[in-house]
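Peer 1: I'd like to ask you about the structure that follows.
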Amino acid sequence: GAVVSQHPSWVICKSGTSVKIECRSLDFQATTMFWYRQFPKQSLMLMATSNEGSKATYEQGVEKDKFLINHASLTLSTLTVTSAHPEDSSFYICSARGPGTTLNTEAFFGQGTRLTVV
Amino acid sequence: QKEVEQNSGPLSVPEGAIASLNCTYSDRGSQSFFWYRQYSGKSPELIMFIYSNGDKEDGRFTAQLNKASQYVSLLIRDSQPSDSATYLCAVRPSGAGSYQLTFGKGTKLSVIP
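These protein sequence lines are chains C and U, in that order. Each residue of the first sequence is one higher than the one before, counting from 835 in the numbering used here. Each residue of the second sequence is one higher than the one before, counting from 94 in the numbering used here.
Here it is, written out as structure tokens:
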């Protein structure tokens with residue numbers, strides 16, 4: 835299957851600083867990538883949909899000025915958590931739609947990034 | 094609001110038994126249904142997807158879909174301790190032109206040796 839690489843796998847940062855998370859599709863071009871957040875014992879919550887070359891579409895309640903998404907190429911999307919606070923500590927996961935155009939095209943997930951804000 | 098519901102569990106089954114995981118969804122127009130397995134601290138990995146009514150088998154796994162009842166299930170035969178994980182049901186709703194998925198909260202499965 836297609837491979838999505840997410841980096842870093844974990845990061846600890848101080849409150850008030852910014853953190854960038856990268857999501858790369860290694861062997862296919864991903865015009866659409868998705869960013870999820872998962873709190874302990876909760877399901878994946880979609881934060882935003884990232885489209886190459888255009889502005890990301892954010893889900894209701896997600897601050898676009900706090901969670902900056904850039905999808906400048908067909909293989910790379912980045913999520914920057916700005917002015918991070920302890921409540922932003924979570925597991926962030928990206929996914930990319932696999933090649934093809936059918937509705938059954940599965941989503942391939944990155945390894946996830948464990949963010950801890952202290 | 095489009096919802097996907099799963100029993101959070103934990104569901105405990107003895108090794109070698111059949112584990113049955115269930116999922117219901119609210120959007121009657123949903124078209125594709127996915128089962129993911131997620132180990133603690135890891136990202137989800139796809140087990141299988143189904144889009145037609147009936148059963149779909151892949152090795153020890155069988156997905157069952159009943160669109161009239163808005164119900165999808167996953168059966169795991171000959172359960173192994175390595176199957177212990179959280180199983181996420183995901184639905185691709187109707188009108189989701191960007192192919193986004195809506196996830197349930199997951200069912201935690203424990204296979205007892």
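Glycine is no exception: its CB is placed at the ideal position from the N, C-alpha and C atoms.
(1) So the beta strand (DSSP E) U/F142 belongs to, where does it begin and stop?
(2) Less than 8 Å between the beta carbons of C/S923 and C/T950, yes or no?
(3) Consider the Cβ of U/S162: report whether some Cβ of chain C lies at a distance smaller than 8 Å.
(4) With 8 Å set as the bound, which would you pick, yes or no: does the beta-carbon of C/G850 sit closer than that to a beta-carbon of chain U?
(5) For C/S877, go through chain U and note every residue whose CB falls closer than 7 Å to its CB, in chain order.
(6) Would U/P103 count as contacting chain C if we go by Cβ distances under 8 Å?
(7) Take C/V845 and list the residues in its own chain whose beta-carbon comes closer than 6 Å to its own, dropping the five residues that flank it on each side.
(8) Look at the alpha carbon of U/S133 and the alpha carbon of C/T865, and state the distance between them as a whole number of angstroms.
(9) Just the chain U side, please: which residues come within less than 9 Å of C/L880 by C-beta, in chain order?
(10) Should U/I205 and U/P107 be called a contact, given that it needs their Cβ atoms to be closer than 8 Å?
(11) With distances taken Cα to Cα, identify the nearest neighbour of U/Q124 among U/Q163, U/Y180, U/L167, U/S175.
(12) Check the C-beta distance from U/Y144 over to U/L181 and give it rounded, since I have them as a contact under 8 Å.
(13) Just the Cα atoms here: how many angstroms apart are U/P103 and U/K201?
(14) Keeping to the same chain, check which residues put their C-beta closer than 7 Å to that of U/A178; ignore five residues upstream and five downstream.
Peer 2: The answer reads as follows:
(1) 138-143
(2) yes
(3) no
(4) no
(5) Within chain U, the residues whose beta carbon sits less than 7 Å from that of C/S877 are L181, F196, G197, K198, G199, listed in sequence order.
(6) no
(7) V853, L949
(8) 29 Å
(9) Q193, L194, T195, F196
(10) Against a cut-off of 8 Å, the Cβ pair of U/P107 and U/I205 comes out as a contact.
(11) Closest by alpha carbon: U/Q163.
(12) Incorrect: roughly 17 Å between the Cβ atoms, too far for contact.
(13) 5 Å
(14) R130, Q131, Y132, L202
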